[in-house]
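Numbering (our numbering), first residue to last: 515 to 945. Every residue, glycine too, gets a C-beta built ideally from N, C-alpha and C.
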């Protein structure tokens, strides 16, 4: 991915104001309801200073998966102060929901706020920005609904544990998304300045294996041992050799841990976790057994036992809804910058992918200024996520998404197109 502070030539994949909109949505058309756009724009601007303080507060208190207690309280408290109906500890200990309805009936727009950080490097994926982007989208959409008398409901969902335990998958299983007609969120990433991306992401499956051996004195009688560390090393080496034979778009990476290891004792236990990624779920499903063969062969080679954790689950690739994406691209490019389909988190993964398979959804990335070598999951990206420029970019994408949400509520024909494209992309469309 390109770094945000580098000089990047315009790409053919970009759609900029004045370009042929046919590449984005099919027909050229003006921005839908400028009065709606103005309302959400003003609402985000009015809250921008408070949202900046909220973002920095979360950034300064990084919390890993399911430990997001400070973020939970800060975000839920903010929404309560804005007059929303808030359900703390919603379905999961650190999840929360804020709900607002206006008028009679209408559709429901869902919005997500991620909150978790990474071990050791804090908010190196910028979830502090995702958290306040969700708040901005929801509050701006409410402001437009009240000012222009738009009927409908907004549900802002605080979603924990994206980085490790796929909190949205659990929330999806528990029914957190069942009332939503669409769901929206965004994510920071390196990229060309003043840009957003509608790239997909990689599907992912984790594979956890434990190796069990037998201890022995490493010098006195090593032949009595069955070395679990050797099994892990052999597995790591085998997977490393496998990488030459997999597609360039596939990713396999893992790590290992021990328990009570000492240099003069043959290790009797080792633990490994591997992640297999590919552009689609079907491709991952082909890759997984090839990696598993490497892990099983290592146990045979070292006369140890391999035990696999079958409870580990994966996430799907992002399936950006075509109709929502086209409308977002036109809206964002009208005021804020370029839209591409290349950068963003195309080589990463997110549990929001599963949400995009359950209902029409959109997950654009937005570029924030970063230093060379400072992509997501680095200390440099954590620093970038706290800058004023990153916050400004976050507010811009939030405005475009709020305007998109308003169109979902207002425009029956547009929502019918959203549903049609979702069904078509799901393989459920008619002949």
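Span of the alpha helix (DSSP H) around residue i
i	result
residue 799	795-816
residue 629	Here residue 629 belongs to no alpha helix (DSSP H), and DSSP marks it neither H nor E.
residue 827	Careful: residue 827 lies outside any alpha helix (DSSP H) and carries neither H nor E.
residue 836	836-849
residue 751	742-756
residue 569	548-574
residue 641	641-662
residue 777	Run containing residue 777: none; DSSP gives neither H nor E here.
residue 684	681-687
Option nearest residue i by Cα separation, candidates the options
i	options	result
residue 629	669, 573, 603 and 696	573
residue 591	568, 577 and 581	568
residue 641	612, 913, 571 and 690	571
residue 706	882, 586 and 846	882
residue 719	637, 819, 787 and 609	787
residue 812	637, 763 and 784	784
residue 849	710, 565, 778 and 690	710
residue 841	913, 744 and 684	913
residue 853	748, 712 and 681	712
residue 684	825, 925 and 620	825
residue 661	609, 742 and 556	556
residue 773	746, 598, 599 and 763	746
residue 663	716, 938, 928 and 924	924
The beta strand (DSSP E) enclosing residue i, as first and last residue numbers
i	result
residue 720	717-726
residue 771	765-772
residue 930	Taken as a continuous stretch (DSSP letters only), residue 930 belongs to no beta strand (DSSP E), being part of the alpha helix (DSSP H) at 926-939.
residue 673	666-673
residue 698	696-698
residue 787	783-792
residue 514	Shown here, the chain extends from 515 to 945; a query on residue 514 therefore has no answer.
residue 713	Note, residue 713: premise wrong, no beta strand (DSSP E); not H, not E.
Own chain, CB closer than 8 Å to residue i, minus 5 neighbours either side, in chain order
i	result
residue 688	605 and 606
residue 888	517, 704, 894, 895, 897 and 898
residue 678	578, 579 and 630
residue 930	none
residue 554	654, 655, 657, 658, 913, 916, 917 and 920
residue 872	686 and 691
residue 717	791, 792, 793, 794, 795, 797, 798, 828, 829, 830, 831, 863 and 867
Straight-line Cα distance separating residue j from residue i
i	j	result
residue 802	residue 665	47 Å
residue 880	residue 780	49 Å
residue 584	residue 733	50 Å
residue 859	residue 807	29 Å
residue 588	residue 761	44 Å
residue 798	residue 792	5 Å
residue 804	residue 865	24 Å
residue 676	residue 737	44 Å
residue 702	residue 908	8 Å
residue 863	residue 789	10 Å
residue 905	residue 566	7 Å
residue 627	residue 671	6 Å
residue 843	residue 775	54 Å
residue 648	residue 544	26 Å
residue 549	residue 582	37 Å
residue 739	residue 770	20 Å
residue 721	residue 829	13 Å
residue 552	residue 822	54 Å
residue 911	residue 645	13 Å
residue 623	residue 562	22 Å
residue 668	residue 614	5 Å
residue 941	residue 831	16 Å
residue 637	residue 619	39 Å
residue 816	residue 757	22 Å
residue 846	residue 856	16 Å
residue 902	residue 851	17 Å
residue 741	residue 748	11 Å
residue 723	residue 922	45 Å
residue 643	residue 926	31 Å
residue 515	residue 546	Because residue 515 carries a pLDDT of 30, less than 50, the predicted location of this residue cannot be relied on, and the following value inherits that uncertainty. Each residue's Cα considered, the two are about 32 Å apart.
Beta-carbon contacts of residue i that lie in its chain and below 7 Å, excluding the five residues immediately before and after
i	result
residue 838	696, 874, 876, 918 and 932
residue 935	835, 836 and 837
residue 752	808, 811 and 812
residue 869	682, 686, 691, 697 and 875
residue 900	570 and 573
Contacts around residue i, its chain only, beta-carbon distance under 6 Å, and the 5 residues preceding and following it disregarded
i	result
residue 915	651 and 698
residue 767	789
residue 601	611
residue 625	648, 651, 652, 670 and 698
residue 765	791
residue 744	816
Contact with chain B by residue i, beta-carbon distance below 8 Å
i	result
residue 627	Chain labels in this structure do not include chain B; a single protein chain is all it has.
Within the segment 576-632, note down every full beta strand (DSSP E) run reaching 3 residues or more, in order along the chain.
-> 599-602, 610-616 and 622-628
Complete runs of the alpha helix (DSSP H) confined to the segment 854-916 [at least 4 residues] = 866-872 and 893-898
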